[in-house]
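Visitor: Before we start, here is the structure in question, set down as structure tokens.
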DNA sequence: GTACAAAATGTGTGCGCACACACTATTTCA
DNA sequence: TGAAATAGTGTGTGCGCACACATTTTGTAC
């Protein structure tokens with residue numbers, strides 16, 4: 230039998246003090262004489278004490294409240310997966326007897342005021358921690374300031390706000406994402422080909438996001454070692470319902486030597502539908518595994534989707550907060566998710582895998 | 230305050246029996262009258278009792294021993310990541326006070342006898358559970374039979390043995406993997422192009438694996454809706470050290486209209502090196518993120534790698550066994566990992582992500 | 001009816017930790 | 001000098017569960 234794990238009790242014996250004193254030293258609760266503290270610290274330096282996290286959660290019988298502030302998935306289906314991820318994290322932790330009360334707040338991703346309003350409510354509810362997708366830069370800054378001042382830890386997801394003093398950001402590198410899109414769209418194409426970048430977004434909440442993706446996309450072709458100097462055209466399209474939308478697409482389709490379309494939002498399916506009968510040779514690269522996109526991917530109308538894995542992102546956010554609150558575990562300030570490439574051939578392997586991750590410890 | 234989680238104590242009160250009786254019913258320990266059992270079951274049916282898994286591990290003070298039986302990574306670097314994954318799972322569980330003793334057994338992936346020998350030792354050590362990569366079909370069958378008879382649960386990884394009565398198989402769909410390779414290699418190519426499938430393996434331990442991948446690869450081009458009827462040539466190459474190896478590669482390179490090479494093992498870098506100065510237009514698709522492949526990917530010699538994520542697979546294996554032993558959690562018998570596409574542009578996002586997953590609960 | 005086994009049930013303890021509280025030694029102040 | 005405040009200790013309890021053991025009830029034979 231190997232050396233059993235060291236308990237507080239063991240440390241107490243080794244240091245010649247009581248368990249209570251060790252506890253006070255470990256948690257800086259004060260009320261310890263310098264002499265006793267030194268004795269304990271000496272032991273702690275020599276042995277590698279790892280508290281039993283399981284026992285810890287049993288001991289502290291606190292009920293932490295985590296507030297989430299996410300876009301309403303009724304407005305944008307993309308956020309459904311995030312919501313599910315939060316739920317998954319919640320139930321999983323509950324399984325382990327970790328009683329987290331997660332309070333969901335939703336806001337309209339198209340309305341800044343909706344975010345501000347919800348943020349205010351979240352703050353006034355005084356949660357122990359917050360998970361937030363701060364789509365609106367300027368509206369979120371004062372919110373983060375308040376949280377920081379109130380010492381409420383928070384994790385940002387999806388949208389990175391550098392100035393925010395977040396515990397951690399969970400998301401993707403958008404610039405690289407654009408580069409990847411460029412690589413995929415140009416793979417095997419002629420060097421004199423033209424590409425179109427389409428920003429389809431009813432408003433400009435995502436403008437920073439989209440710009441960053443486009444920057445990466447263009448940068449790829451400007452790289453010195455690239456021989457193909459493809460031409461890149463950018464289009465900003467309005468609401469898909471309008472007649473101008475169709476007209477614009479028709480114009481884009483007429484671009485000479487058009488080899489592919491990069492849709493910077495999750496709306497690639499709209500383009501796919503319009504191009505359906507026109508020209509199969511035009512490659513389409515888009516984002517996110519929402520229903521409509523999946524359909525287009527499977528029938529070959531879309532060639533590549535880049536997956537953000539919002540479900541796992543959100544779940545990780547909840548887990549990270551729990552780790553922080555309950556176990557005082559530190560977190561890397563930046564957690565960038567891999568840029569997952571989804572094609573007609575591997576899409577099924579991604580979909581089936583997601584469900585399997587439900588009830589496992591880590 | 231919301232309805233607090235239901236404890237055994239609560240069930241006992243509701244059913245009008247003692248905690249001991251509830252415990253006996255829950256665990257089928259017998260010694261319960263039909264009347265009492267019925268009372269308890271009635272309560273259990275109505276409420277949704279979820280045992281506090283954390284408290285459970287504290288209560289049962291058993292020390293489980295898990296044996297692993299994996300190829301030696303000194304013989305094949307691919308298995309290094311699996312080994313690290315096992316270690317990662319181990320330390321993570323230790324953090325939670327779950328005292329698993331993991332006993333590592335390694336075998337020479339090229340020698341069947343080595344596997345048999347190691348398997349025998351593993352069995353005689355009478356572990357509580359086993360995680361094994363059964364590279365050798367016929368050698369593993371009796372091993373699995375023994376384990377089953379001794380009621381020792383085991384999980385197979387990497388190689389699926391249908392006949393084995395494994396708790397779960399963790400790996401990938403190799404047929405789909407071949408299809409994916411075909412998709413990637415043919416993307417944007419002419420329809421009259423030729424492709425070469427290269428099986429580079431010093432011996433034939435992986436033969437089933439490789440055949441399955443090739444089957445998928447070929448099937449892709451035979452699909453009725455595919456217009457391009459590319460020709461596919463298969464080559465089985467011997468040891469890379471031999472002179473015939475180089476000669477064979479030179480011959481392959483001369484194939485008319487050769488559009489790409491699909492290397493079914495992790496040895497794509499060997500091909501990349503040989504083709505380096507010859508012809509940049511030939512696309513190379515291979516497997517696994519080992520050092521040499523990564524180098525080739527980054528300098529553009531390899532176009533695509535399909536990642537098996539052996540580290541996460543192994544870690545999941547350990548976690549799943551722990552879940553099974555400690556929490557009696559059931560497991561899906563098949564856990565197929567997504568087929569991850571790695572390109573020069575997204576490889577860095579995969580590498581950085583791996584490290585971040587160290588200390589999180591799930 | 002008693003005697004005694006067997007079945008059924010209830011109670012108690014420990015897992016490792018956090019935290020409240022009781023207790024003792026040391027100061028401080030009247 | 002004594003009382004009271006304070007700093008420094010140790011002890012005890014509970015978290016929810018598993019499991020050993022004590023206790024009670026039931027069944028069986030005479």
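Protein chains in written order, with our numbering: chain Y, 230 to 591; chain C, 230 to 591. Backbone N, C-alpha and C fix where the C-beta goes; we use that ideal spot for every residue, glycine too.
Return the residue from the list 257/C, 554/C, 480/C that minimises the CA-CA distance to residue 466/C.
Guide: 480/C
Visitor: Taking 7 angstroms as the cut-off, is the C-beta of residue 297/Y nearer than that to any heavy atom in the ligand NAP?
Guide: Absent from the structure shown: the ligand NAP. Ligands present: none.
Visitor: So what does DSSP say about residue 390/Y, is it helix, strand or coil?
Guide: Three-state DSSP puts residue 390/Y in coil, outside helix and strand.
Visitor: Would you mind working out which of 364/Y, 333/Y, 322/Y, 354/Y sits nearest residue 341/Y, comparing C-alpha positions?
Guide: The residue with the shortest Cα to Cα distance from residue 341/Y is 364/Y.
Visitor: Work out the CA separation of residue 385/Y and residue 494/C for me, nearest whole Å.
Guide: 40 angstroms
Visitor: Name the DSSP bridge partner or partners of residue 294/C?
Guide: 330/C
Visitor: Go to residue 283/Y, then tell me how far its alpha helix (DSSP H) extends in each direction, as first and last residue.
Guide: 282-288
Visitor: What are the residues in the stretch 553-576 of chain C lying within 8 angstroms of chain Y by C-beta distance?
Guide: 558, 561, 564, 565, 566, 567, 568, 569, 570, 572, 573, 574, 575
Visitor: Under a three-way DSSP split, which group does residue 259/Y fall into?
Guide: coil
Visitor: Taking only beta-carbon atoms, is residue 283/C less than 8 angstroms away from chain Y?
Guide: So, interface residue.
Visitor: How would you label residue 387/Y, buried or exposed, when you count the other beta carbons within 10 angstroms and need 16 or more for buried?
Guide: The residue is buried, with at least 16 neighbouring Cβ atoms inside 10 Å.
Visitor: Would you kindly report the start and end of the unbroken alpha helix (DSSP H) that includes residue 433/Y?
Guide: Run containing residue 433/Y: none; DSSP gives neither H nor E here.
Visitor: Give the DSSP-derived three-state secondary structure of residue 426/C in the structure shown.
Guide: strand
Visitor: I need the DSSP call for residue 343/C, collapsed to helix, strand or coil.
Guide: helix
Visitor: By alpha-carbon positions, which one of 407/Y, 376/Y, 346/Y, 345/Y ends up nearest to residue 359/Y?
Guide: Ranking the options by Cα distance to residue 359/Y, first place goes to 376/Y.
Visitor: Below 8 angstroms on the Cβ atoms is my guess for residue 318/Y versus residue 548/Y; work out the distance and round it to an integer in Å.
Guide: About 5 angstroms separates the beta carbon of residue 318/Y from that of residue 548/Y, a gap short enough to meet the 8 angstroms contact definition.
Visitor: Express the C-alpha separation of residue 545/C and residue 272/Y in angstroms, rounding to a whole number.
Guide: 35 angstroms
Visitor: Let me make sure I understand the geometry here. Which of 352/Y, 475/Y, 439/Y, 452/Y has the alpha-carbon closest to that of residue 406/Y?
Guide: Selected option, being the one with the closest Cα: 439/Y.
Visitor: With a floor of 3 residues, list each beta strand (DSSP E) that falls wholly inside the stretch 438-495 of chain C, ordered by position along the chain.
Guide: Restricted to the stretch 438-495 of chain C, the beta strand (DSSP E) segments that are unbroken, complete and at least 3 residues in length are 460-466, 487-492, listed in chain order.
Visitor: Quick one: does residue 234/Y have its CB under 8 angstroms from some CB of chain C?
Guide: yes
Visitor: Curious, which full-length beta strand (DSSP E) runs of at least 3 residues does the stretch 517-550 of chain C contain?
Guide: 533-536
Visitor: Taking only three categories from DSSP, how would you classify residue 253/C?
Guide: helix
Visitor: Kindly list the residues whose CB is nearer than 6 angstroms to the CB of residue 517/Y, restricted to its own chain and excluding five residues on each side of it in sequence; keep chain order.
Guide: 307, 495
Visitor: Sorted by chain position, which residues of the same chain lie with C-beta nearer than 7 angstroms to residue 434/C's C-beta, five sequence neighbours on each side aside?
Guide: 338, 339, 364, 365
Visitor: Chain C partners of residue 416/Y, CB-CB under 8 angstroms?
Guide: 416, 417, 532
Visitor: Is the CB of residue 412/Y under 8 angstroms away from at least one CB in chain C?
Guide: yes
Visitor: Going by C-alpha to C-alpha distance, which of 504/Y, 430/Y, 557/Y sits closest to residue 476/Y?
Guide: Cα-wise, what sits closest to residue 476/Y is 504/Y.
Visitor: Considering only residues of the stretch 347-387 of chain Y, which uninterrupted alpha helix (DSSP H) runs meet the minimum length of 4 residues and lie entirely inside it, listed in chain order?
Guide: Qualifying alpha helix (DSSP H) stretches, in chain order: 366-378.
Visitor: Answer yes or no: does any C-beta atom of chain C fall closer than 8 angstroms to that of residue 396/Y?
Guide: Residue 396/Y has a beta carbon lying at 8 angstroms or more from every beta carbon in chain C.
Visitor: How would you label residue 264/Y, buried or exposed, when you count the other beta carbons within 10 angstroms and need 16 or more for buried?
Guide: Exposed, because fewer than 16 other Cβ atoms sit within 10 Å of the Cβ of residue 264/Y.
Visitor: For residue 428/C, does the count of other Cβ atoms within 10 angstroms reach 16, so buried, or fall short, so exposed?
Guide: Label assigned to residue 428/C: buried.
Visitor: Under a three-way DSSP split, which group does residue 417/Y fall into?
Guide: coil
Visitor: Where do the N-terminal and C-terminal ends of the alpha helix (DSSP H) with residue 240/Y fall, by residue?
Guide: Its alpha helix (DSSP H) spans residues 237-244.
Visitor: Quick one, which residues of the stretch 318-335 of chain C are near chain Y if we go by CB-CB under 9 angstroms, in chain order?
Guide: 318, 321, 322, 323, 324, 325, 326, 327, 328, 330
Visitor: According to the Cβ coordinates, are residue 501/Y and residue 513/Y closer than 8 angstroms?
Guide: yes
Visitor: Helix, strand or coil: which one does DSSP assign to residue 556/C?
Guide: helix
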